[in-house]
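S.K.: One structure coming up, written as structure tokens, with questions to follow.
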Amino acid sequence: PGDLLFVAVGGDDRSELILGPAYSEDWTAMASPNPNDPPSVRIYPDPGSDPNDPEPPESLGGFDLRAAHHDLGRGRTGLVFWNDELHRTIVIEISPELAGELIDDPPPDFVTDSAPTLVLSARDYHEVIYTRSGVVVIDGDHALYEFPSGNRKAEYSRDWGGDFIYAYSPDGRWLYALDLQRYRLYKARTWW
């Protein structure tokens, strides 16, 4: 349950998830794809593709991997992507089982065929953090969305004043706030 998989975005149109070796919690290599030709899988189908077309759907390009948040307790990783074509943020949850499927030959057509996925209207400059409790979007205020349904669970309007950087623990229990003016780090229970 604590397996890790290294990933990157590649392909001419930035539409492919390039996979590195899978590692266990103690950093022992479990699977080592050929480093000269690492496996890859398309990330997301173009929503304009006709689902009734017998040809496979076109892949959507323009992905940037913004963050990878790993929850060791559940053995899940939340990958946060910005997509230039959709102008949306996409969060994909990768499990150890799915990581194995992605390394298998042939991999699934799209990561999102098998992985829980959430598409958010969060802009490219918004901070998006995957936690066990849901996905937090920080756009000045903080909003928590259920994963993968996308229902808004809670919202918090921050009025701390000052300049802060925020982080949430992978289990969703703690909020960390770094005050950039006073050089202080605060830890508090999450607000949901």
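So the sequence shown is numbered by our numbering: it starts at 1112 and just counts up by one.
Cβ atoms here follow ideal geometry from the backbone N, Cα and C, with glycine treated the same way.
(1) Please state whether DSSP places Thr1301 in a helix, a strand or coil.
(2) Taking the continuous alpha helix (DSSP H) assigned at Ser1225, which residues delimit it?
(3) Do Pro1281 and His1180 come within 8 Å of each other at the CB atom, strictly closer than that value?
(4) By Cβ distance below 7 Å, which residues in the same chain neighbour Thr1268 in space, the five residues on each side in sequence not counted?
(5) Should Phe1174 go down as buried or exposed, given a rule of 16 or more other Cβ atoms within 10 Å for buried?
(6) Report the three-state DSSP secondary structure of Glu1238 (helix, strand or coil).
(7) At what residues does the beta strand (DSSP E) containing Ala1178 begin and finish?
(8) Label Trp1193 either buried or exposed according to how many other C-beta atoms from any shown protein chain fall within 10 Å of its C-beta, with 16 as the threshold for buried.
M.R.: If we stick to the structure as given:
(1) Here residue 1301 refers to the residue found at position 190 when the sequence shown is read from its first residue. When secondary structure is reduced to three states using DSSP, Thr1301 falls in the coil class, being assigned neither helix nor strand.
(2) Locating residue 1225 in the sequence shown gives position 114, counting from the first residue. For Ser1225, the uninterrupted alpha helix (DSSP H) run begins and ends at 1222–1225, by DSSP.
(3) Walking along the sequence shown from the start, residue 1180 turns up at place 69. Walking along the sequence shown from the start, residue 1281 turns up at place 170. In this structure, His1180 lies near Pro1281, with their beta-carbon atoms less than 8 Å apart.
(4) Position 157 of the sequence shown, counted from the start, is the residue given in the question as residue 1268. The sequence shown places Ser at residue 1268, not Thr. Its chain contains Asp1252 as the residues whose beta carbon lies nearer than 7 Å to that of Ser1268, once the 5 sequence neighbours on both sides are disregarded; these appear in chain order.
(5) Residue 1174 sits at position 63 when you count from the first residue of the sequence shown. Buried, because 16 or more other Cβ atoms sit within 10 Å of the Cβ of Phe1174.
(6) Residue mapping note: residue 1238 aligns to position 127 of the sequence shown, counting from 1. Glu1238: strand per DSSP, three-state reduction.
(7) On the sequence shown, residue 1178 is found 67 positions in, with the first residue counted as 1. Looking at the DSSP string, the run of the beta strand (DSSP E) that includes Ala1178 is 1174–1182.
(8) Locating residue 1193 in the sequence shown gives position 82, where the first residue counts as 1. With 16 or more other CB atoms across the displayed protein chains lying within 10 angstroms of its CB, Trp1193 is buried.
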